[in-house]
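What follows is a short report on a single structure.
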Amino acid sequence: MMKLIETTYEGRYVSKTNSPLSNDPIKVDPKFGPIDLLMGSYASCMLATVDFYARKKDFEVNSSRSELSYEMHADGNRVGTINIKIFFDKEYTAEQKEIMEDSAKNLCHVGSSLNPEIVKNYEFTYEA
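In terms of this note's numbering, the sequence shown opens at residue 342 and continues consecutively.
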């Protein structure tokens, strides 16, 4: 099913995006730019994807968080590298960790939609 996302550019680097899932628009301005929005979307997608696949295997992932930093490509026109740190609040079995790490790296829809030339460095921390 196709979803409509409507964005209005208001000038002076400010835009407002409406989503069918929320009555509150997302506002992008010089303090919170489009790349920040992309990183936030990627981080949220990874954390939700990890929990989704964990639940399919009968365990939950609560109180997780992430930190993403990025560097622009040498051409200055696109993201070149994303450093991803994901923190989990407790220890998990080796099998659970494998499910969690694989889902974060390979099953997130946003991550799968990014340019494959972007270098992604992952770091997972347990009991954080």
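Glycine included, each C-beta is placed from N, C-alpha and C at the ideal position.
- With fewer than 16 neighbouring CB atoms inside 10 Å of its own CB, residue 417 falls in the exposed class.
- The straight-line gap separating the alpha-carbon atoms of residue 372 and residue 405 is approximately 26 Å.
- Beyond the five residues adjoining it in sequence on each side, residue 349 comes within less than 6 Å, by CB distance, of 357 in the same chain, given in chain order.
- Only exposed fits residue 376, as fewer than 16 other CB atoms lie within 10 angstroms of its CB.
- Under the three-state reduction of DSSP, residue 344 is assigned to coil, being neither helix nor strand.
- Annotation: residue 360 is outside any alpha helix (DSSP H) and is labelled neither H nor E by DSSP.
- As DSSP reads the structure, residue 465 sits in a beta bridge with 427.
- Here the stretch 392 to 407 makes no contact with the stretch 455 to 462; the two share fewer than three CB pairs at distances below 8 Å.
- For residue 353, the three-state secondary structure derived from DSSP is coil.
- Pairing residue 468 with residue 431 gives a Cβ-Cβ distance under 7 Å.
- Cβ-Cβ distances below 8 Å link residue 401 to 392 and 395 in the same chain, with the five nearest sequence neighbours on each side left out; the list follows chain order.
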